[in-house]
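Q: With this note's numbering applied, the sequence shown has no gaps in its numbers, which climb one by one up to 1586 at the end.
Even glycine gets a Cβ: it sits at the ideal position worked out from N, Cα and C.
Source: prediction; values computed, not measured.
Have a look at this one before I ask anything.
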Amino acid sequence: MEIQISDDIVRRVHGGKDAPMNGLAIRARTVANFLPLMCQRAGANIVHNSDANYTGIRFDTKVGPVILEMPAGDGSYRLVHELPEPDEKGRTEVEMRRFPQIYKPQGIAHITAEFLRSRGFLK
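In structure tokens form, the structure reads like this:
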């Protein structure tokens, strides 16, 4: 499933007719196709968030949502844990890991799944 967030409005994107077709969206779909079943059970959704300026894959884990953000330009993939409430420092998200773009989509899917599984995010 794909979700689009714009101006604080969340809406579902249906298949090929209103789905974005930019490079980041295609990369997110490619990585999502290689995710193992345990990630799909965690509710992996592709998110196009124009408010926070990212496209990524969101996992609804048992400790809150985790986002795998697709890199823009020469940047890195980011794995970010979104906090339900701001912590004592006022942060609403915590970056857990970065992956360079040297990996293929299968590698990114595998690294992400193993990171989430080994840290107790997935059941």
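Please name the residue in Ile-1468, Ala-1576 and His-1477 whose C-alpha comes closest to that of Val-1529.
A: Looking up residue 1529 in the sequence shown gives position 66. Of Ile-1468, Ala-1576 and His-1477, the residue nearest in Cα terms is Ala-1576.
Q: Give the secondary structure of Gln-1467 by DSSP, where H, G and I count as helix, E and B as strand, and everything else as coil.
A: Reading the sequence shown from its first residue, position 4 is the one you call residue 1467. The answer is strand: DSSP assigns Gln-1467 an E or B state.
Q: Out of Val-1526, Ala-1488 and Gly-1527, state which residue places its alpha-carbon closest to the alpha-carbon of Pro-1534.
A: Counting from 1 along the sequence shown, the entry for residue 1534 is found at position 71. Ranking Val-1526, Ala-1488 and Gly-1527 by Cα distance to Pro-1534 puts Ala-1488 first.
Q: The beta strand (DSSP E) spanning Met-1559 covers which residue range?
A: As a working mapping, residue 1559 is identified with position 96 in the sequence shown. Segment 1556 to 1562, the beta strand (DSSP E) holding Met-1559.
Q: Taking three-plus beta-carbon pairs below 8 Å as touching, is the stretch 1543 to 1554 in contact with the stretch 1499 to 1510?
A: The stretch 1543 to 1554 is not in contact with the stretch 1499 to 1510.
Q: Gln-1569: buried (16+ other C-beta within 10 angstroms of its C-beta) or exposed?
A: Indexing the sequence shown from 1 puts residue 1569 at position 106. It is exposed - the Cβ of Gln-1569 has fewer than 16 other Cβ atoms within 10 Å.
Q: Residues in its own chain within less than 6 Å of Ile-1468 by CB, not counting five upstream and five downstream?
A: Within the sequence shown, the letter at position 5 stands for residue 1468. Hits under 6 Å: Asn-1512 and Asp-1514.
Q: Near Gly-1527, what residues of its chain come up, given a Cβ to Cβ distance below 8 Å and the 5 sequence neighbours on each side ignored?
A: For the purposes of this step, residue 1527 is taken as the residue at position 64 of the sequence shown. Hits under 8 Å: His-1544, Glu-1545, Leu-1546 and Pro-1547.
Q: Per DSSP, which residues does Asp-1523 bridge with? Please list them.
A: Here residue 1523 refers to the residue found at position 60 of the sequence shown. Paired residues: Pro-1528.
Q: Is Leu-1487 close to chain B, meaning its C-beta is less than 8 Å from at least one C-beta of that chain?
A: The displayed structure is made up of one protein chain only, and chain B is not part of it.
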